[in-house]
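Structure record follows, encoded as structure tokens.
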Amino acid sequence: MSEINSLPIIDPLPYLPSSSLLPHVISEVSEIDLAERRKETAVKIHEACRDIGFFYLRVDSYLTKSDMDQALDLGREFFDRPNGEKESISLENSDGVRGYQKLHQNVTQGKADHHEGLDFYAPSPYSPRSPSTPSSSTSNSNGNPRLRPLEGHNQWPIRPEDFQVKLEKWVEKMKILGNAVMHAMADGLGMNQDEWEELDGMVDNSFWVMRVIGYPPLPEGADGISCGEHKDYGCLTLLHADPIPNSLQVLSPFPSPHWIAAHPIDGCIVVNIGEMWEIWTGGLYPATLHRVIHKSPTYRVSIPFFYEPNFKAKVKLLDAAKRKAAEEGKEIKEKEQVEYGQFLLGKVSGNFKY
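For the sequence shown, the tail end lands on 354 under full-length UniProt numbering, and the numbers increase by one without skipping.
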């Protein structure tokens, strides 16, 4: 595995709403040629999405160091709580996908991962059941009727006491950041305003997902990895993690496929694109395989936020991607249209073992 970090670092500042920026950068943004800065950012994002599907996003004009440290500290405090307390909000007590997963409960490609986790989703995409709707004959561990996947409510920890309030603020910040990156990607593909508005309409009620993951060190000589190699399902993954090197690894295609380490960089998060962008672009933007092998003696916390399409969004090849591929002499292949929510349901059903 190469130790040379070749992922580009990109500044999203030109695409962020001025109201969301830290006070000390607002005047700077107003004095620059915004159109030129946007063009520069869009080109860099296009090249990163086309060539590897991963990049760093500089966020120190948007998030304070306190914001970033605090989010990880909350995760660390939760995972340090007694097992019984954590398991009181286990997946089985909700809809099977929202809540706590104990060590080795998460499965990637049929193999248990060496981490524990806590998963949250956007509100249920289903219409509320009427009182006359028959209850399921099966029940969860609380004796309540079993819910359909994604139908439940998020299970927030009681301790740390401010966990929910602060992580919900993190969700709102990530949604703004995700939309800014989407806009830059649209410009990178050469979309006109109408095309961008149509794409924006597919993510304006994003069925987002947030995971808080705890990685204990892999035991010496263990047969397995912390999180198996996989592609992400959706749109964009915005990853904030402890500053521990060598854990996150990305499969780089050049000059031939090989693993590189996405070392943490101060003031940055790691961004990668998911399978919906493969469909939108006919493969011009690949969803890249990645994995976690955490051997450091330090417990590692990461918070991936998945900025996803709307649950009912119909995802198919974009005209802008056809034009861009033709312009660059790239071959693309139209993939079958999917409805994002149904695609997601087909994936999450095999994520855990009970």
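Ideal placement from N, C-alpha and C gives every residue a C-beta, glycine not left out.
Own chain partners of residue i with C-beta closer than 6 Å, once the 5 adjacent residues on each side are dropped
i           : result
residue 328 : none
residue 232 : 274
residue 290 : 250
residue 336 : none
residue 42  : 184, 187, 188
residue 318 : 280
residue 243 : 264
residue 90  : 99, 100
residue 434 : Residue 434 is absent from the model: the chain starts at 1 and stops at 354.
residue 246 : 261
Cβ-based neighbour list, residue i, same chain, cut-off 7 Å, excluding 5 preceding and 5 following
i           : result
residue 151 : 95, 124, 126
residue 347 : 233
residue 53  : 272, 273, 285, 286, 287, 288
residue 156 : 163, 164
residue 74  : 160, 163, 166, 167
residue 87  : 100, 102
residue 316 : 279, 337
Element boundaries [beta strand (DSSP E), containing residue i]
i           : result
residue 213 : 209-215
residue 239 : 236-241
residue 46  : Where residue 46 is concerned, there is no enclosing beta strand (DSSP E), although the alpha helix (DSSP H) it sits in stretches over 34-51.
residue 229 : 227-230
Sequence-distant residues of the same chain with beta carbon closer than 8 Å to residue i, five excluded per side
i           : result
residue 322 : 282, 332
residue 8   : 44, 47, 48, 55, 56
residue 148 : 95, 126
residue 171 : 120, 208, 210, 305
residue 76  : 214, 299, 301
residue 196 : 183, 186, 187
residue 61  : 11, 13, 16, 21, 22, 25
residue 175 : 206, 208, 307
residue 203 : 178, 179, 182, 235, 307, 308, 309, 310, 313
residue 70  : 166
residue 18  : 26, 29, 30
Per DSSP, the bridge partner or partners of residue i
i           : result
residue 9   : 56
residue 112 : 107
residue 339 : 314
residue 250 : 260, 290
residue 117 : 101, 213
Endpoints, the alpha helix (DSSP H) within which residue i is located
i           : result
residue 96  : Careful: residue 96 lies outside any alpha helix (DSSP H) and carries neither H nor E.
residue 77  : 65-79
residue 373 : This structure cannot settle anything about residue 373, because the visible part of the chain is limited to 1 through 354.
residue 180 : 163-188
residue 364 : For the chain, the structure presents residues 1 to 354; residue 364 sits outside this window and is missing.
CB-CB length for residue i against residue j, believed under 8 Å
i           : j           : result
residue 307 : residue 117 : That belief does not hold up - the Cβ atoms of residue 307 and residue 117 are roughly 19 Å apart, past 8 Å.
residue 212 : residue 269 : Not quite, the Cβ-Cβ distance comes to about 15 Å (not below 8 Å), so this is no contact.
residue 217 : residue 294 : 6 Å
residue 340 : residue 309 : 4 Å
residue 267 : residue 59  : 7 Å
residue 230 : residue 108 : 5 Å
Minimum Cβ-Cβ distance from residue i to chain B less than 8 Å
i           : result
residue 285 : The displayed structure is made up of one protein chain only, and chain B is not part of it.
- Query: Which ranges would you report for the beta strand (DSSP E) in the segment 253-337 if only whole runs of at least 3 residues count?
  - Reply: Counting whole runs of 3 or more residues, the segment 253-337 contains the beta strand (DSSP E) stretches 258-261, 268-273, 290-292, 300-307.
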